[in-house]
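Novice: Chains Y and B, in that order, give the protein sequences.
Note that the first sequence covers residues 107 to 434 in the working numbering.
Note that the second sequence covers residues 107 to 434 in the working numbering.
Even for Gly, the Cβ is constructed at its ideal location relative to N, Cα and C.
Attaching a single structure in structure tokens format; questions to follow.
There are 2 protein chains.
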Amino acid sequence: MLRILGAIALCFASAAMSAPPIRLVIHGGAGTMSRTELSAEREQAIRADLERALRAGHAILAKGGTSLDAVTKAVVILEDSPYFNAAKGAVFNAEGKNELDASIMDGATRKAGAVAGLHRVKNPILLARAVMEQSKHVMLIGDGAEVFAKSVGIELVDPKYFRTEERWKQLKEAQAKERASASVESTEKSAYFGTVGALALDRDGKLAAATSTGGMTNKRWGRVGDSPIIGAGTYADARCAVSGTGWGEYFIRAAVAHDICARVEYRGDSIEQAANDVVMTVVPELGGDGGVIALDAAGNYAMPFNTQGMYRGTIGADGNVSVAIFRD
Amino acid sequence: MLRILGAIALCFASAAMSAPPIRLVIHGGAGTMSRTELSAEREQAIRADLERALRAGHAILAKGGTSLDAVTKAVVILEDSPYFNAAKGAVFNAEGKNELDASIMDGATRKAGAVAGLHRVKNPILLARAVMEQSKHVMLIGDGAEVFAKSVGIELVDPKYFRTEERWKQLKEAQAKERASASVESTEKSAYFGTVGALALDRDGKLAAATSTGGMTNKRWGRVGDSPIIGAGTYADARCAVSGTGWGEYFIRAAVAHDICARVEYRGDSIEQAANDVVMTVVPELGGDGGVIALDAAGNYAMPFNTQGMYRGTIGADGNVSVAIFRD
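What follows is the structure, encoded as structure tokens:
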């Protein structure tokens with residue numbers, strides 16, 4: 107009997123040793139942000155929300171939940187926070203509306219869901235997931251996406267819900283600057299950060315990626331960035347998951363998320379090498395900037411950015427939270 | 107003097123020899139099509155329009171024009187033809203509207219333009235090109251995209267322009283089948299072909315890719331397929347250009363166009379090997395089908411499809427047109 111118990115114990119230990127380490131990595135946007143502009147209160151609040159998202163996702167992974175559930179939960183918390191450019195707290199477009207995009211991808215099956223041009227969906231990432239799981243489609247846009255949302259019971263809210271005074275002020279400032287410079291797009295370069303994203307590796311060794319954004323302040327013409335584009339802002343397969351944040355046009359042109367995973371698969375690059383090369387070389391050479399988070403199936407991760415800062419954090423099996431904003 | 111003339115002649119000959127061979131490759135959609143269903147008249151008309159698109163693009167390349175101009179011209183001709191599922195002759199969505207998507211990419215600069223959810227733009231590929239060249243954005247959707255179209259003088263038409271009786275009949279049949287089977291999406295699998303695309307290699311060795319579509323018959327909820335997704339339906343870089351046609355959801359999930367180019371770049375696959383592997387293995391393993399055209403900077407090309415047929419054709423420096431529909 108003792109021998110049997112011993113064998114069972116050994117069996118558990120070996121399972122525990124061979125199981126991949128769970129891991130959650132999140133970002134709350136890369137961009138121009140100086141230490142002096144960020145008040146101590148605001149920094150504390152942002153760090154607290156990042157930590158809350160990490161702990162909530164970790165709780166799911168720690169009890170054997172899926173990477174999909176973990177990234178969904180983490181992104182919902184960041185969407186609900188007013189401090190990030192996603193759902194509540196999203197930036198305003200040129201018409202004074204909040205226009206939301208999101209996408210999610212399941213690495214094991216490469217199923218994906220994406221939504222763009224939403225005005226009333228409280229948590230766009232939940233709609234992206236519903237598109238993935240409850241429709242035969244991958245991408246739905248605009249009013250049609252909201253009709254689908256209603257049909258599957260996704261919560262719609264009055265568009266006023268998304269409004270924060272700070273974002274409204276940013277729009278007014280951007281529009282004043284635009285009038286002063288007589289240039290339509292002069293204010294956009296520095297106005298596109300705050301996108302949120304999450305990657306997770308679960309106990310079964312499966313990866314998932316999710317991204318959600320309000321896009322660029324003062325954006326026009328139904329502009330869509332990289333966040334809802336599978337392969338640009340979000341990608342996940344069996345060995346690699348990526349979520350991006352930055353100047354979306356350049357992330358689309360470089361197919362950033364898929365390119366990182368392709369380098370890992372076809373060239374045998376480490377996740378760190380692949381993410382660094384794309385973020386620090388490919389995107390800047392095209393003229394863009396931003397950052398990504400990237401995670402592989404062994405739990406290795408990278409969080410490169412070529413901007414002043416990127417809200418980011420990670421948590422592993424030990425439950426120790428690490429959160430950072432600048433190049434510490 | 108004679109020696110100088112000789113040197114100049116040699117110089118020209120060597121330039122002619124080292125110049126990459128110009129090449130245009132087009133498709134008019136892959137799908138389920140049987141020889142018996144296709145009348146001789148219709149086949150002749152389709153072949154004639156494919157040939158017309160090839161000759162028009164070739165005329166541009168032959169006189170030193172750019173690959174971008176050649177793919178634009180070829181796609182405009184296919185959009186204007188009622189025989190393909192793009193612009194004039196596009197399929198109807200579930201609301202009885204024609205809803206159009208397109209994208210274009212310049213390999214040398216990796217600049218790109220994409221549009222989705224259009225109802226009034228006569229030639230979506232011209233709007234995609236205007237987005238690339240006259241805005242700082244890559245992707246515009248819906249009404250906003252049409253506001254931009256107006257602002258840059260792109261032709262808008264009454265939505266009735268796109269209507270053909272044949273496509274209307276297809277919608278009514280799809281909806282009747284749907285009612286009979288009480289399944290919302292049962293008719294969609296076979297209803298998504300006819301997308302058009304073009305790739306070109308110009309005298310400067312530069313590649314371009316373009317794709318335009320009406321999407322799936324009876325589509326709902328602002329569904330967007332792979333055609334306007336840079337990296338999925340369209341991609342071009344310095345060494346590789348791809349345009350896809352097929353079940354868009356699977357083409358997005360596999361990032362088909364970028365994946366083919368990544369295999370060429372990172373693994374050294376030939377364009378044929380890369381295109382075949384993705385179309386004949388990766389996409390079917392996920393559960394999808396369709397085809398692509400792919401072209402490299404040396405003028406090598408591939409046109410694999412895993413469906414019954416794919417409208418396709420190519421023309422090279424010699425001006426000989428080759429057009430095919432089935433596996434001949």
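1) With contact counted as at least three CB pairs below 8 Å, one residue from each stretch, are the region 194-207 of chain B and the region 297-306 of chain Y in contact?
2) Could you give the DSSP three-state label for Y/T340: helix, strand or coil?
3) Can you pull the chain B neighbours of Y/F254, defined as C-beta to C-beta under 7 Å?
4) Which term fits Y/A106, buried or exposed, when burial requires 16 or more other beta carbons within 10 angstroms of its beta carbon?
5) What residues are listed by DSSP as bridge partners for Y/D402?
6) In this structure, does DSSP put B/T317 in helix, strand or coil?
7) Return the chain-ordered list of same chain residues with a C-beta closer than 8 Å to the C-beta of B/I431, the five sequence neighbours on each side being excluded.
8) From which residue to which residue does the beta strand (DSSP E) around B/R129 run?
9) For Y/M211, which of Y/A315, Y/A280, Y/V227 has the nearest alpha-carbon?
10) With a threshold of 16 other CB atoms inside 10 Å of the CB of Y/R329, please say whether the residue is buried or exposed.
11) Quick one: what's got a C-beta closer than 7 Å to B/Q281's C-beta in the same chain, skipping five residues either side?
12) Return no unless some Cβ of chain B is closer than 7 Å to the Cβ of Y/A251.
13) Say whether chain B places a C-beta atom closer than 7 Å to the C-beta of Y/A234.
14) Any beta-carbon of chain Y closer than 7 Å to the one on B/T301?
15) Applying the 10 Å Cβ sphere with the 16-neighbour rule, what's the burial state of Y/S173?
16) What are the residues in the region 334-368 of chain B lying within 8 Å of chain Y by C-beta distance?
17) List, in order along the chain, the chain B residues whose C-beta lies closer than 7 Å to that of Y/Y372?
18) Determine whether the Cβ of B/H243 lies closer than 7 Å to any Cβ atom of chain Y.
19) Is there a Cβ from chain B that is less than 7 Å from the Cβ of Y/L174?
20) Straight-line CA distance for Y/N406 to B/G213?
21) Under DSSP, the beta strand (DSSP E) around B/K217 begins and ends at which residues?
22) With Y/G248 as the anchor, note down where its alpha helix (DSSP H) starts and where it stops.
23) Could you tell me if Y/T340 is buried or exposed, where buried requires 16 or more neighbouring beta carbons within 10 angstroms of its beta carbon?
24) Quick one: give me the first and last residue of the beta strand (DSSP E) that B/D207 is part of.
25) By how many angstroms is the C-alpha of B/G425 removed from the C-alpha of B/R141?
26) Alpha carbon to alpha carbon, how far is Y/L401 from Y/V348? Give it in angstroms, no decimals.
27) Is the shortest distance between the beta-carbon of Y/Q414 and the beta-carbons of chain B less than 7 Å?
28) Any beta-carbon of chain B closer than 7 Å to the one on Y/V330?
29) How big is the Cα-Cα spacing for Y/G134 and Y/R161?
30) I'd like to confirm the pairing. Which residues does DSSP put opposite B/S428 in its beta bridges?
31) Any Cβ of chain B within less than 7 Å of the Cβ of Y/T293?
32) Taking the continuous beta strand (DSSP E) assigned at B/L184, which residues delimit it?
33) So the candidates are B/A404, B/R359, B/G393, B/A361; which of them puts its Cα closest to the Cα of B/E378?
34) Measuring only between beta-carbons, confirm whether Y/A297 sits less than 7 Å from chain B.
35) For the region 349-357 of chain B against the region 388-400 of chain B, are there 3 or more C-beta pairs whose distance is under 8 Å?
Specialist: For this structure:
1) Between the region 194-207 of chain B and the region 297-306 of chain Y there are fewer than three C-beta pairs closer than 8 Å, too few to call the two in contact.
2) Along the first sequence, read from residue 1 onward, the residue named residue 340 of chain Y stands at position 234. Taken through DSSP and simplified to helix, strand or coil, Y/T340 comes out as strand.
3) Translated into the one-based positions of the first sequence, residue 254 of chain Y becomes position 148. Residues of chain B passing the Cβ test: W327.
4) Examination of residue 106 of chain Y is not possible in this model, given that chain Y is present from 107 through 434 alone.
5) As a first step, residue 402 of chain Y is located in the first sequence; it is residue number 296 there, counting from the start. DSSP, once it has assigned bridges, lists Y/C346 as partnering Y/D402.
6) What you label residue 317 of chain B is simply residue 211 of the second sequence in a count that begins at 1. In this structure, DSSP gives B/T317 an extended state, which the three-state scheme calls strand.
7) By 1-based counting over the second sequence, the position of residue 431 of chain B is 325. Take B/I431, set aside five residues on each side of it, and the residues of its chain with a beta-carbon closer than 8 Å to its own are M139, L144, E149, I152, R153, G415, M416, Y417, R418, in chain order.
8) Stepping through the second sequence from its first residue, residue 129 of chain B is reached at position 23. Taken as a continuous stretch (DSSP letters only), the beta strand (DSSP E) holding B/R129 covers 129-137.
9) What you label residue 211 of chain Y is simply residue 105 of the first sequence in a count that begins at 1. The residue with the shortest Cα to Cα distance from Y/M211 is Y/A315.
10) Here residue 329 of chain Y is taken as the residue at index 223 of the first sequence, counted from 1. Y/R329 comes out buried.
11) By one-based count along the second sequence, residue 281 of chain B stands at place 175. Annotation for B/Q281: N324 place their beta carbon closer than 7 Å to its own, counting only its chain and skipping 5 residues before and after.
12) Here the question's residue 251 of chain Y lines up with position 145 in the first sequence. Yes, contact with chain B.
13) For the purposes of this step, residue 234 of chain Y is identified with residue 128 of the first sequence, where counting begins at 1. Cβ-Cβ to chain B under 7 Å: no for Y/A234.
14) Numbered from 1 along the second sequence, position 195 holds the residue referred to as residue 301 of chain B. No, no contact with chain Y.
15) The residue given as residue 173 of chain Y occupies position 67 in the first sequence. Buried, because 16 or more other Cβ atoms sit within 10 Å of the Cβ of Y/S173.
16) Answer in chain order: I335, I336, G337, A338, Y341, G354, E355, I358, R359, A360, A361, H364, D365, A368.
17) Locating residue 372 of chain Y in the first sequence gives position 266, counting from the first residue. Those within 7 Å of Y/Y372 in chain B are A368, R369, Y372, R373.
18) Reading the second sequence from its first residue, position 137 is the one you call residue 243 of chain B. B/H243 counts as touching chain Y.
19) Mapped onto the first sequence, residue 174 of chain Y falls at position 68. Residue contact with chain B for Y/L174: absent (no Cβ-Cβ distance below 7 Å to any residue of chain B).
20) The residue you call residue 406 of chain Y lines up with position 300 of the first sequence. The residue you call residue 213 of chain B lines up with position 107 of the second sequence. If you take the alpha carbons of Y/N406 and B/G213, they lie about 33 Å apart.
21) Residue mapping note: residue 217 of chain B aligns to position 111 of the second sequence, counting from 1. Residues 217-224.
22) Position 142 of the first sequence, counted from the first residue, corresponds to residue 248 of chain Y. Start and end: 248-257.
23) Position 234 of the first sequence, counted from the start, is the residue given in the question as residue 340 of chain Y. With 16 or more other Cβ atoms within 10 Å, it is buried.
24) Counting from 1 along the second sequence, the entry for residue 207 of chain B is found at position 101. Segment 206-212, the beta strand (DSSP E) holding B/D207.
25) Indexing the second sequence from 1 puts residue 141 of chain B at position 35. Indexing the second sequence from 1 puts residue 425 of chain B at position 319. Here the alpha carbon of B/R141 sits roughly 28 Å from the alpha carbon of B/G425.
26) The sequence position of residue 348 of chain Y within the first sequence is 242, counting from 1. The sequence position of residue 401 of chain Y within the first sequence is 295, counting from 1. For Y/V348 and Y/L401, the gap between their C-alpha atoms comes out near 7 Å.
27) Counted from its first residue, the first sequence places residue 414 of chain Y at position 308. Not one chain B Cβ lies under 7 Å of Y/Q414.
28) Taking the first sequence and counting its residues from 1, one reaches residue 330 of chain Y at position 224. Judged by the 7 Å Cβ criterion, Y/V330 is in contact with chain B.
29) As a working note, residue 134 of chain Y is residue 28 in the first sequence. As a working note, residue 161 of chain Y is residue 55 in the first sequence. Cα-Cα distance, rounded: 15 Å.
30) In the second sequence, counting from the first residue as 1, residue 428 of chain B sits at position 322. B/T420.
31) For the purposes of this step, residue 293 of chain Y is taken as residue 187 along the first sequence, with counting starting at 1. Residue confidence is low: Y/T293 scores 44 on pLDDT, short of 50, so the model does not pin down where it sits. No coordinate-derived value is stated.
32) Position 78 of the second sequence, counted from the start, is the residue given in the question as residue 184 of chain B. It is not in any beta strand (DSSP E) - B/L184 instead sits in the alpha helix (DSSP H) that spans 173-186.
33) Locating residue 378 of chain B in the second sequence gives position 272, counting from the first residue. The residue from B/A404, B/R359, B/G393, B/A361 with its alpha-carbon nearest to that of B/E378 is B/A404.
34) Numbered from its first residue, the first sequence carries residue 297 of chain Y at position 191. Here the model assigns Y/A297 a pLDDT of 49, short of 50, so the residue's position is not dependable, and the following value carries that caveat. Y/A297 does not count as touching chain B.
35) They touch, by the three-pair rule.
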